[in-house]
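**Student:** In my numbering, the protein residues as written are 35 to 466.
Each residue gets a CB set at the ideal place from its N, CA and C atoms; glycine is no exception.
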Amino acid sequence: MSQASSITITLEGTNSSASMPLLTGTLGPQVADIRKLYNQLGVFTYDPGYGTTASCESKITYIDGDEGVLLYRGYPIEQLAEKSDFIEVCYLLMYGELPTRTQLDKFRDGVTRHTMVHEQIRRFFDGFRRDAHPMAIMCGVVGALAAFYHDNLDINDPHQREIAAFRLIAKVPTIAAMAYKYALGQPFVYPRNDLSYAANFLHMLNAVPAEPYNVSPVLERAMDRILVLHADHEQNASTSTVRLAGSTGANPFACIAAGIAALWGPAHGGANEAVLKMLDEIGTPENIPSFIEKVKDKNSNVKLMGFGHRVYKNFDPRAKIMKETCHEVLGELGIKDEPLLDMAMEMERIALTDDYFVSRKLYPNVDFYSGIILKAMGIPTSMFTVIFAVARTVGWVSQWKEMIEDPSQRIGRPRQIYTGAASRDYRAVDSR
Ligand code: CMC
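(1) Taking the beta carbon of VAL392 as the centre, do at least 16 other beta carbons fall within 10 Å, making it buried, or is it exposed?
(2) Is ASN348 near ligand 1 - that is, is its Cβ less than 8 Å away from at least one heavy atom of it?
(3) GLN433 lies in the alpha helix (DSSP H); which residues open and close that run?
(4) Within a Cβ cutoff of 6 Å, which residues of the same chain sit near HIS264, ignoring the five residues on either side of it in sequence?
(5) Answer with buried or exposed for GLN269, where buried requires no fewer than 16 other C-beta atoms within 10 angstroms of its C-beta.
(6) Between which two residues does the alpha helix (DSSP H) carrying TYR231 extend?
(7) Can you have a look at LEU313 and say buried or exposed, based on whether 16 or more other CB atoms are within 10 angstroms of its CB?
(8) Might you give, ordered along the chain, the residues of its own chain that have their beta carbon closer than 6 Å to the beta carbon of GLU91, omitting 5 neighbours on each side?
(9) Ligand 1 and ALA265: does any heavy atom of the ligand fall closer than 8 Å to the residue's C-beta?
(10) In terms of alpha-carbon separation, which member of LYS435, ASP258, PRO243 lies closest to SER250?
(11) With hydrogens ignored, establish whether the beta-carbon of LEU338 is closer than 8 Å to any heavy atom of ligand 1.
(12) So ARG277 and MET437 are in contact, right, with Cβ under 8 Å, and what is the actual spacing, rounded?
(13) Please determine, among LYS93, LYS117, LYS328, the residue with the shortest C-alpha to C-alpha distance to LEU338.
(14) Please say whether LEU104 and PRO319 have beta carbons closer to each other than 9 Å?
(15) Could you work out which residue in SER50, ILE43, ASN49, ASP67 is closest to GLN37 when comparing CA atoms only?
(16) On the DSSP letters alone, give me the boundaries of the alpha helix (DSSP H) that GLN10 sits inside.
(17) Assign TYR129 to one of three DSSP states: helix, strand, or coil.
(18) Let me check you understand the geometry: is the CB of ASN399 closer than 8 Å to at least one non-hydrogen atom of ligand 1?
(19) Can you give the Cα-Cα distance for MET169 and CYS289, rounded to whole angstroms?
(20) In or out: GLY304 buried (at least 16 other Cβ within 10 Å) or exposed?
(21) May I ask which residues mark the beginning and end of the beta strand (DSSP E) holding TYR183?
(22) Between which two residues does the beta strand (DSSP E) harbouring ALA38 extend?
(23) Can you tell me the Cα-Cα spacing of PRO225 and VAL309, whole angstroms?
(24) Does the Cβ of ARG383 lie closer than 8 Å to at least one heavy atom of ligand 1?
(25) To which residues does DSSP link LEU56 through a beta bridge?
(26) Skipping 5 residues on each side, what residues in its chain have a beta carbon closer than 7 Å to that of ARG142?
(27) ASP81 by DSSP, collapsed to three states: which one?
(28) Please say whether PHE222 and HIS148 have beta carbons closer to each other than 9 Å?
(29) Could you tell me if ARG394 is buried or exposed, where buried requires 16 or more neighbouring beta carbons within 10 angstroms of its beta carbon?
(30) Please confirm whether VAL431 and LEU202 have their CB atoms less than 9 Å apart.
(31) Can you tell me whether DSSP reads PHE222 as helix, strand or coil?
(32) I'd like to check one pair, LEU132 with TYR109: are the Cβ atoms closer than 9 Å?
(33) Less than 8 Å separating the Cβ of PHE325 from some heavy atom of ligand 1?
(34) On the three-state DSSP scale, how would you describe PHE159?
(35) On the DSSP letters alone, give me the boundaries of the beta strand (DSSP E) that ILE355 sits inside.
(36) Identify whether PRO300 lies in helix, strand or coil by the three-state DSSP scheme.
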């Protein structure tokens with residue numbers, strides 16, 4: 035980060051003005067450093083939803099929303115989705131470079147040695163209803179990991195931070211699969227460290243003790259690609275939540291649970307589940323036009339789920355890859371006719387030619403097609419956001435590590451415009 039020039043802010047009608055540095059990163063717009071604004075001019079900035087606020091410096095992920103570009107550590111998502119795999123992407127996100135063969139083997143070994151959870155964790159599940167949403171279970175059980183790794187965890191020690199990261203990347207899929215098995219009433223399946231990350235996850239989701247389960251290479255590849263595409267996405271709502279919670283020095287397992295809670299909402303990771311519910315509700319292609327009319331009606335509060343993005347004002351590059359993967363997976367699984375995919379494509383066609391969506395630059399996002407692939411893979415709708423959480427855990431821990439290691443890191447503490455009552459005196463209840 036370097037200072038290229040400065041920006042002068044003048045308070046109209048006064049003689050007060052202040053010069054603020056304009057900072058330049060590697061890519062992206064310049065950023066006005068307004069840290070001294072309050073000291074110099076006595077004013078705050080107002081940016082609800084943080085649409086124009088850079089909350090941190092980061093070297094991990096870059097998005098160009100106008101061009102539809104997504105880079106992990108400088109590498110285009112298209113190249114990583116095609117040529118890399120999830121565990122290598124985890125290394126890249128955490129350490130900043132692609133690993134050598136030796137580094138990759140050591141990293142994979144480091145992660146896989148932490149895949150099992152403490153036996154006591156199993157008992158947590160008994161406290162949940164069988165019909166509990168698996169994201170509710172994820173919030174609770176991932177947060178509960180803090181109780182197992184708290185007293186001896188020093189977040190200022192790089193080695194301990196790394197172990198916490200390994201534990202999270204390794205154990206979140208195990209807990210996710212346990213949440214699924216619990217809902218089914220099937221026994222929990224222990225991890226198999228001889229399998230790839232994606233294959234082991236599928237094994238824990240689908241195997242039963244009564245018969246052998248062989249992971250299909252088609253499904254393994256599809257799951258791996260889904261994990262790669264969701265691994266990180268710079269300062270989105272859940273990542274910002276993890277950073278904010280982490281800025282207080284909180285236990286990293288508790289911080290990731292906070293991220294899982296933020297991810298769950300339908301405006302964020304919950305959208306993949308919402309897309310399938312929406313397609314189900316629409317039912318048949320004839321109903322699409324009337325649904326689109328409802329979406330366009332401001333009073334209806336109906337959104338086209340899987341469409342729109344705060345940053346992308348062009349195609350979400352992940353959605354493009356997801357759409358291709360969707361066709362590949364259905365083809366490889368021999369599913370010739372998938373009405374949901376036909377409906378999704380028809381909705382996309384209509385939306386992309388409708389002025390409402392065109393003028394607002396609303397394009398399909400990653401969640402529009404991911405649910406259709408997951409459904410074809412036999413994964414129930416309620417697990418979609420859980421799979422997003424499994425993938426995003428590496429992004430969250432990488433961003434958390436980067437934040438802790440940033441010398442300029444301070445507790446996150448936004449200000450506000452107060453519009454409530456001015457100071458007034460208390461009156462006793464009988465005199466009100
Ligand atoms: N359907 C209909 N209208 C929409 C949609 C949509 N999906 N998204 C945005 N708009 C409209 C919005 O009503 C507003 O219209 P107007 O200017 O007339 O008031 C305009 O487009 C600008 O939208 P915004 O609400 O200012 O956009 P935002 O950046 O605050 O919200 C979003 C972004 C992703 C929350 C929103 O587009 C949305 O709710 N999409 C549906 C949910 C979804 O698919 N979320 C997944 C996002 S990608 C994966 C992830 O991040 O987890």
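**Tutor:** Based on what the coordinates show:
(1) Flag for VAL392 reads exposed.
(2) No, since every heavy atom of ligand 1 falls outside the 8 Å radius drawn around the Cβ of ASN348.
(3) For GLN433, the enclosing alpha helix (DSSP H) starts and ends at 418-439.
(4) PHE422, ALA425, ARG426.
(5) Buried, since its Cβ has 16 or more Cβ neighbours within 10 Å.
(6) Counting along the chain, the alpha helix (DSSP H) containing TYR231 begins and ends at 231-240.
(7) Counting Cβ neighbours within 10 Å, LEU313 comes out buried, since at least 16 surround it.
(8) Answer for GLU91: MET35, listed in chain order.
(9) For ligand 1, not one heavy atom lies less than 8 Å from the Cβ of ALA265.
(10) Checking every option, the nearest Cα to that of SER250 belongs to ASP258.
(11) Yes, ligand 1 has a heavy atom inside 8 Å of this Cβ.
(12) Distance from ARG277 to MET437 at the Cβ level is roughly 5 Å; contact confirmed, criterion being Cβ atoms closer than 8 Å.
(13) Ranking LYS93, LYS117, LYS328 by Cα distance to LEU338 puts LYS328 first.
(14) The answer is no: Cβ separation not under 9 Å.
(15) Checked all of SER50, ILE43, ASN49, ASP67; the closest Cα to GLN37 is ASP67.
(16) No answer is possible for residue 10: it lies beyond the span of the chain, which begins at 35 and ends at 466.
(17) Judged by DSSP in its simplified three-state form, TYR129 adopts helix.
(18) Result yes, Cβ under 8 Å from ligand 1.
(19) So the two alpha carbons sit approximately 15 Å from each other.
(20) The residue is buried, with at least 16 neighbouring Cβ atoms inside 10 Å.
(21) Where TYR183 is concerned, there is no enclosing beta strand (DSSP E), given that its DSSP letter is neither H nor E.
(22) Counting along the chain, the unbroken beta strand (DSSP E) around ALA38 starts and ends at 36-44.
(23) C-alpha separation (whole angstroms): 30 Å.
(24) Outside the cutoff, so no.
(25) Per DSSP, the beta bridge partners of LEU56 are SER39, ALA66.
(26) ILE121.
(27) In the structure shown, ASP81 sits in coil (DSSP, three-state: anything other than H, G, I, E or B).
(28) No; because the gap between Cβ atoms is not below 9 Å, this pair is not in contact.
(29) With a threshold of 16 other beta carbon atoms within 10 Å, ARG394 falls short and is exposed.
(30) Taking the C-beta atoms as reference points, LEU202 is found nearer than 9 Å to VAL431.
(31) Of the three classes helix, strand and coil, the one that applies to PHE222 here is coil, per DSSP.
(32) A contact, by the Cβ cut-off of 9 Å.
(33) No, Cβ of PHE325 sits at least 8 Å from all heavy atoms of ligand 1.
(34) The three-state secondary structure of PHE159, taken from DSSP, is helix.
(35) Following the DSSP letters along the chain, one finds ILE355 in no beta strand (DSSP E) but inside the alpha helix (DSSP H) bounded by residues 351-366.
(36) It is coil, neither helix nor strand.
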